[in-house]
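Participant: The sequence shown: position 438 = 438 (the working numbering), numbered continuously.
C-beta: ideal position from N, C-alpha, C; glycine also.
These numbers were taken from a predicted model, which means no experiment stands behind them.
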Amino acid sequence: MQKILPFLFILFSTAAFAGRITGTIIDDKGNALPYASVSIKEKGSGTTANQQGHYSLELAAGDYTIVVQYVGFAKQEKKVHVTDAGIQLDFMLKPSQLQLKDVVVSSNGEDPAYAIIRHAIKKRQAYHDALDSFTCEAYIKTLIKTRALPRKILGQKIDSADWKQMGVDSAGKGVIYLSESLTKIAFKKPDKVKLEVLSGRESGSNGFGFTIPTFIDFYTNNVQIMGGQFAPRGYICPIADGALNFYKYHFLGSFFEDGREISRIQVIPRRKYEPLFSGTIEITENDWRIYSVDLMLTKESQLEILDTVKITQIHFPVTKNIWRTKNQVLYFTFNKFGIDAVGNFLNVYNNYDVTPAFKKKFFNNIIMQFDTGVNKKTTAYWDSVRPVPLELEEMKDYKVKDSIYRYQRDSSFTKRYRDSLRRMQGKISVMNVLWNGFSRSNYNPKNYTTIQWQPLLKQVQYNTVEGLVLNGEATFSRGFPSVNRELSFTPHVRYGFSNEHFNAYATLNYHGRTNWRGITNDAGDDASSFRSNNFSLSGGRRISQFNKGNPISPLFNSIYTLFFNHNYMKIYENKFLQFDYYGTSQSGLKYTADLLYEDRMPLDNTTDFSIIKYGNKKFTPNYPYEKMDSQFVRHQAVIAGITLSYQPGQKYVQFPNYRVPLGSKYPTFTLAYQKGFNKILGSDVDFDKWNFSVTDDMNFKLAGQLNYRIDIGGFLNDKSVFIQDYRHFNGNQLIFASRYLYSFQIAPYYANSTTASFYTTLHAEHHFNGLLTNKIPFFKRLNWNLVAGTNAFYVNGNNNYVEVFGGLENIFKLFRVDVVGSYLNGKNGQVAVRVGLGGLFGGKIRFE
1 MQKILPFLFI
11 LFSTAAFAGR
21 ITGTIIDDKG
31 NALPYASVSI
41 KEKGSGTTAN
51 QQGHYSLELA
61 AGDYTIVVQY
71 VGFAKQEKKV
81 HVTDAGIQLD
91 FMLKPSQLQL
101 KDVVVSSNGE
111 DPAYAIIRHA
121 IKKRQAYHDA
131 LDSFTCEAYI
141 KTLIKTRALP
151 RKILGQKIDS
161 ADWKQMGVDS
171 AGKGVIYLSE
181 SLTKIAFKKP
191 DKVKLEVLSG
201 RESGSNGFGF
211 TIPTFIDFYT
221 NNVQIMGGQF
231 APRGYICPIA
241 DGALNFYKYH
251 FLGSFFEDGR
261 EISRIQVIPR
271 RKYEPLFSGT
281 IEITENDWRI
291 YSVDLMLTKE
301 SQLEILDTVK
311 ITQIHFPVTK
321 NIWRTKNQVL
331 YFTFNKFGID
341 AVGNFLNVYN
351 NYDVTPAFKK
361 KFFNNIIMQF
371 DTGVNKKTTA
381 YWDSVRPVPL
391 ELEEMKDYKV
401 KDSIYRYQRD
411 SSFTKRYRDS
421 LRRMQGKISV
431 MNVLWNGFSR
441 SNYNPKNYTT
451 IQWQPLLKQV
461 QYNTVEGLVL
471 NGEATFSRGF
481 PSVNRELSFT
491 PHVRYGFSNE
501 HFNAYATLNY
511 HGRTNWRGIT
521 NDAGDDASSF
531 RSNNFSLSGG
541 RRISQFNKGN
551 PISPLFNSIY
561 TLFFNHNYMK
571 IYENKFLQFD
581 YYGTSQSGLK
591 YTADLLYEDR
601 MPLDNTTDFS
611 IIKYGNKKFT
621 PNYPYEKMDS
631 QFVRHQAVIA
641 GITLSYQPGQ
651 KYVQFPNYRV
661 PLGSKYPTFT
671 LAYQKGFNKI
681 LGSDVDFDKW
691 NFSVTDDMNF
701 KLAGQLNYRI
711 DIGGFLNDKS
721 VFIQDYRHFN
731 GNQLIFASRY
741 LYSFQIAPYY
751 ANSTTASFYT
761 TLHAEHHFNG
771 LLTNKIPFFK
781 RLNWNLVAGT
791 NAFYVNGNNN
801 YVEVFGGLEN
811 IFKLFRVDVV
821 GSYLNGKNGQ
831 VAVRVGLGGL
841 FGGKIRFE
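1. Which residue spans inside the segment 639 to 695 form an unbroken beta strand (DSSP E) run of at least 3?
2. Counting along the chain, where does the beta strand (DSSP E) carrying Y801 start and finish?
3. Residues bridged to E202 by DSSP?
4. Hey, N785 and F793: beta-carbon distance below 8 Å or not?
5. Per DSSP, what are the beta-bridge partners of F793 in this structure?
6. Check for me: the alpha helix (DSSP H) holding S482 runs from which residue to which?
7. Name the two residues that bound the continuous beta strand (DSSP E) containing F255.
8. Report, in whole angstroms, the separation of the C-beta atoms of G472 and L456, which I expect to be a contact under 8 Å.
9. Does the Cβ of E626 have 16 or more other Cβ atoms within 10 Å, making it buried, or fewer, making it exposed?
10. Contact defined as beta carbons within less than 8 Å: I believe E803 pairs with N791. What is the distance between those atoms, to the nearest angstrom?
11. Nearest by alpha-carbon distance to R324: which of Y352, Y331, A85 and S630 is it?
12. Where does H128 sit, in a helix, a strand or coil, going by DSSP?
13. Please report how far the alpha carbon of N774 lies from the alpha carbon of F363, in whole angstroms.
14. In terms of alpha-carbon separation, which member of S254, I305 and P269 lies closest to I225?
15. Buried or exposed for F9, please, with buried defined as at least 16 other CB atoms from any protein chain shown within 10 angstroms of its CB.
16. So what's S528 in DSSP terms, helix, strand or just coil?
17. At which residue ranges does the segment 550 to 605 contain complete beta strand (DSSP E) runs of 3 or more residues, listed in the order of the chain?
18. If you check the beta carbons only, do Q636 and S683 fall under 8 Å apart?
19. Out of curiosity, what's the CA-to-CA distance linking R20 and I87?
20. Excluding sequence positions up to five away, which residues of its chain have a Cβ less than 8 Å from the Cβ of L434?
21. Quick one: what's Q705 bridged to in DSSP?
22. Can you tell me which residues form a DSSP beta bridge with H54?
23. Counting pairs of beta carbons, one from the segment 116 to 135 and one from the segment 186 to 196, are three or more of them closer than 8 Å?
24. Could you tell me which whole beta strand (DSSP E) segments of length 3 or greater appear in the segment 132 to 167?
25. Taking all protein chains shown into account, decide if I281 is buried (16 or more other Cβ within 10 angstroms of its Cβ) or exposed.
26. Which runs of the alpha helix (DSSP H) at least 4 residues long sit entirely within the segment 398 to 438? Give them in chain order.
27. Check the C-beta distance from L98 over to R264 and give it rounded, since I have them as a contact under 8 Å.
28. Give me the residue from N828, Y55, I26 and N605 with the minimum Cα distance to E500.
29. I'd like the list of long-range same chain contacts for L824, defined as Cβ closer than 6 Å, with 5 residues on each side in sequence excluded.
30. Given P554, which residues of its chain have a CB within under 6 Å of its CB, disregarding the five upstream and five downstream residues?
31. Output needed for M431: all residues of its chain with C-beta closer than 8 Å, excluding positions within five of it in sequence on either side, in chain order.
32. Compare the C-alpha of E196 against each of V653, F778, F563 and G797 and name the closest.
33. Please classify Y448: does DSSP put it in a helix, a strand, or coil?
34. Count the other CB atoms, across all protein chains shown, that sit within 10 Å of the CB of H767; report buried if there are 16 or more and exposed otherwise.
35. Suppose the cutoff is 8 Å on Cβ atoms and the five residues either side in sequence are ignored; what does the same chain contact list for F722 look like?
36. Since T643 contacts Y591 with CB under 8 Å, what's their CB separation in whole angstroms?
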């Protein structure tokens, strides 16, 4: 044994020796080739050069062949013997020497590229379905930097402290986001995916970085870019089944690598303002597979938000017959609102296994899982796993921002640091109180306290009941981060100058998140679980609309009352006490429960003032006069309700201490029940009503997106129902559009309200997302998109309504204009125009 031990020591220590190969990759003019692919022929793995063309490899002692590739350049190989000493191995690549074939030109003069593309189209599906399953690792690096930055964005000033926090210089240049991560990817047909984030790092924080690989599959008919966020229709692949109808092709020539002929083909959109790529694609001869892509998207490709996106990919053989993407770079530029930014998403794929053995129930409803130590890796760890060397500006960004973050984290517990942050908040000015609002915090990391003040002037209203209305509201919050709890208190005061009524109420909110360990998931692994519990208790004296759905904005009602002599909003006064509970379960079930007591008091008009008078036009009474001949009688109501909402097939991201739902391909089902109790606390109501709804968003890619909502419901018992508790169909009589999918754009507010035992509603709208309008010369440049649909409800033969609409959205990325026609009880109603928010930015804005 004593003789064997030294031998084993020498054997293992020799095997453990690792030598580092470093070098630079340039072209024949001395220019760096950014993100060139570097692979080890004997291992099937490798790395990628950085933006300056520098690369680094660490290999055990032995003989290797280093292969370097770059789109548009001839592949180069060099043999190297690795010892424990460092090796400098540089590469100079030359452009591929393209050779034009001797081709027989057909009578119609067709370019030879078309024949190659037809072969590739025939093979596309086979290559898309080539793998039943696989695993691999993806290194992801995301870099975003500014080339210019304004001092104000949309009127909001960016002060020097913000610039410093972002890491930009006095000219607005600098890295504003940098992250890297290592993720293990598992896939199994038809659509099972699981991502295990092994490590993540984000400059200047303890975040996980950008950890989702930007898979871009050019073997699909419809290519999705960055999850479809910037183009929900997707883009037509250059080798899609119908690609010949959308693209023109030009044969640039062919070259040989490893005895394989590769053809380079220029891809040219047939028409502008279609979802099409431009650039080059390289196809291998005889087997007709993708060798590389270098494709571009611009505004003429219907690209939104970003100005340009460039995608480069290099594919390589994982086995003799299976090829996969080796590396991919997505470059983008953005220049809006004075912000000039560039960035890239780099993905390097390694360690492919095309015959993995997954344990039972490996694929479950958790599609992305973070390791418990995902953001706790050391610098030495990153230096050992990073396949792409950091650039100087990246090293500096990590060093500076991480040191600032550590200082702020460590200093957050000191009184001196918290005092400095409080001083930076500045003094509270008159403008803050009246117009801007303000927020103040004590910056205590153990139990923070914040105050948020809503500006007074932005809450001023006018109506015919109260006249000029002043509102005041502030929220006081106390947080307890160590136990994931927050308690907030919001008082609200209101005064009407015409009816001289003062109302005040307050709300106490509790927000809690429960995490616990020791839960076994479907795969048999220990996992963290997540459940949220929230409740609110409110009470006092307030003003409410008869329809609790609040179909009329107080701001819009004020405008219509003062300038058009319409007092559409009908309100009543009530003393109330209300308890609300909201929670989510581990399974994704959402549930709410509420209990309400109201002492309801009628209010009448007290003023007929308006800025513009229209002859003898008078204001209508302050009650739903379409359903009532006179004002309601004061009464009390005790009402309880419960709502359950569930979306089957819910998928989750499992963070180290909690999970987050991602949605599902299935609709959301919601069941609600409400009970009015009689003779409890003097309650005068006695009813039971229910509602069941189905909602979904269906993306048909090139054909657009369909959003719909279907409701059915009714009263099981209507012994004593006051107008406040009717089933109201949210109408709208303003030019400003009301909430889409939840209202009827030109229906009256209360004329169709009912206590019937059954009703049904339908809301459906189709967003064409550029389909059709991209054929119209003016609109295709503007990216204004068509939208069309219908809203309808049916109670009985004497109470039914249908409206159809068509319009344009994404106007200046914010607005939507519809022309709506209605049919009431089978008869022609009216035609009107509605202006609302819709499109890229407008569709994300919601006014309550």
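Facilitator: Let me lay it out:
1. 651 to 654, 659 to 663 and 668 to 678
2. The residue given as residue 801 occupies position 801 in the sequence shown. Unbroken beta strand (DSSP E) run through Y801: N799 to I811.
3. Locating residue 202 in the sequence shown gives position 202, where the first residue counts as 1. S179.
4. In the sequence shown, residue 785 corresponds to position 785, counting from 1. In the sequence shown, residue 793 corresponds to position 793, counting from 1. Going by C-beta atoms, N785 is not nearer than 8 Å to F793.
5. Locating residue 793 in the sequence shown gives position 793, counting from the first residue. According to DSSP, which records beta bridges pairwise, F793 is partnered with T761 and Y801.
6. The count along the sequence shown starts at 1 and reaches residue 482 at position 482. Run containing S482: none; DSSP gives neither H nor E here.
7. The count along the sequence shown starts at 1 and reaches residue 255 at position 255. Element bounds for F255: Y247 to E257.
8. Working through the sequence shown from its first residue, we reach residue 472 at position 472. Working through the sequence shown from its first residue, we reach residue 456 at position 456. About 6 Å; that satisfies the 8 Å criterion.
9. Position 626 of the sequence shown, counted from the start, is the residue given in the question as residue 626. When all chains shown are included, E626 counts as exposed.
10. In the sequence shown, counting from the first residue as 1, residue 803 sits at position 803. In the sequence shown, counting from the first residue as 1, residue 791 sits at position 791. About 5 Å; that satisfies the 8 Å criterion.
11. Here the question's residue 324 lines up with position 324 in the sequence shown. Of the candidates Y352, Y331, A85 and S630, the one whose C-alpha sits nearest the C-alpha of R324 is Y352.
12. By one-based count along the sequence shown, residue 128 stands at place 128. H128 falls in the helix class under three-state DSSP.
13. Walking along the sequence shown from the start, residue 774 turns up at place 774. Walking along the sequence shown from the start, residue 363 turns up at place 363. Spanning the alpha carbons of N774 and F363 requires a straight line of approximately 41 Å.
14. If you number the sequence shown from 1, residue 225 lands on position 225. The shortest C-alpha separation from I225 is found at I305.
15. Position 9 of the sequence shown holds residue 9. Note that F9 has pLDDT 32, beneath the 50 cutoff, so the model's placement of it is unreliable and no number is given.
16. The residue given as residue 528 occupies position 528 in the sequence shown. Confidence at S528 is low in this model, with a pLDDT of 41, below 50, so the placement of that residue should be treated as unreliable; the coordinate-derived value is given next. S528 falls in the strand class under three-state DSSP.
17. 571 to 584 and 590 to 601
18. On the sequence shown, position 636 is the one that residue 636 refers to. On the sequence shown, position 683 is the one that residue 683 refers to. Contact: yes.
19. Numbered from 1 along the sequence shown, position 20 holds the residue referred to as residue 20. Numbered from 1 along the sequence shown, position 87 holds the residue referred to as residue 87. One C-alpha to the other measures close to 6 Å.
20. Along the sequence shown, read from residue 1 onward, the residue named residue 434 stands at position 434. For L434, where only same-chain residues beyond five positions count, the Cβ hits under 8 Å are P455, L456 and L457.
21. Here residue 705 refers to the residue found at position 705 of the sequence shown. Paired residue(s): N699 and H767.
22. What you label residue 54 is simply residue 54 of the sequence shown in a count that begins at 1. BP columns for H54 point to T24.
23. yes
24. 133 to 148
25. For the purposes of this step, residue 281 is taken as residue 281 along the sequence shown, with counting starting at 1. Under this definition I281 is a buried residue.
26. Runs found: 415 to 424.
27. Along the sequence shown, one-based indexing puts residue 98 at 98. Along the sequence shown, one-based indexing puts residue 264 at 264. About 6 Å separates the two Cβ atoms, so the contact holds.
28. Your numbering for residue 500 matches position 500 in the sequence shown. Closest by alpha carbon: N605.
29. For this step, residue 824 is matched to residue 824 along the sequence shown. Only Y801 meet the Cβ criterion.
30. Numbered from its first residue, the sequence shown carries residue 554 at position 554. The residues are Q461.
31. Start at 1 with the first residue of the sequence shown, and residue 431 comes out as number 431. Around M431: no qualifying Cβ.
32. Indexing the sequence shown from 1 puts residue 196 at position 196. When each option's Cα is compared against that of E196, the closest is V653.
33. One-based indexing of the sequence shown puts residue 448 at position 448. Here Y448 sits in coil by DSSP.
34. Counting from one through the sequence shown, the residue named residue 767 turns up at place 767. With 16 or more Cβ atoms within 10 Å of its Cβ, H767 is classed as buried.
35. Numbered from its first residue, the sequence shown carries residue 722 at position 722. Within the same chain, F722 has close Cβ partners R600, F632, H635, A637, D684 and V685.
36. Position 643 of the sequence shown, counted from the first residue, corresponds to residue 643. Position 591 of the sequence shown, counted from the first residue, corresponds to residue 591. Right, their Cβ atoms sit about 7 Å apart.
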